[in-house]
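Residue numbers (the UniProt record's numbering): 1 to 118.
Next comes the structure, spelled out in structure tokens:
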């Protein structure tokens, strides 16, 4: 159950002020972090959305193609539908690798500097 009380402050950690947050948000380091995220997330989001819409459009308007049998009762629609799930998991895995390698170190550097650790 959610409450309105904030979580307890961690002992030994200097919490930054509103002005410090605004300053960091305007910094080149934060801009680089934001660009690194956007340059990965936006193109993949657009590509996956286009891939999903293609599947939906093919399902609605290309009955003959989608009904083409590949093996037994397995048709193109089933294969492309399962490929949607595979694509989702691959993008999640790829993003996790990208975040661990590119985003997390930059974010941790900003966080430690803001909390007074650097």
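We treat Cβ as the ideally placed atom computed from N, Cα and C, and that holds for glycine.
{"Query": "Locate the beta strand (DSSP E) running through residue 71, then write down its first and last residues.", "Result": "69-71"}
{"Query": "Please list the terminal residues of the continuous alpha helix (DSSP H) segment that includes residue 17.", "Result": "Where residue 17 is concerned, there is no enclosing alpha helix (DSSP H), given that its DSSP letter is neither H nor E."}
{"Query": "On the DSSP bridge list, what partners appear for residue 24?", "Result": "Beta-bridge pairing links residue 24 to no other residue."}
{"Query": "Ignoring anything shorter than 4 residues or poking outside the stretch 50-115, list the alpha helix (DSSP H) runs there in chain order.", "Result": "63-66, 76-98, 104-114"}
{"Query": "Which value, in whole angstroms, describes the spacing of the CA atoms of residue 112 and residue 54?", "Result": "44 angstroms"}
{"Query": "Count the other CB atoms, across all protein chains shown, that sit within 10 Å of the CB of residue 33; report buried if there are 16 or more and exposed otherwise.", "Result": "buried"}
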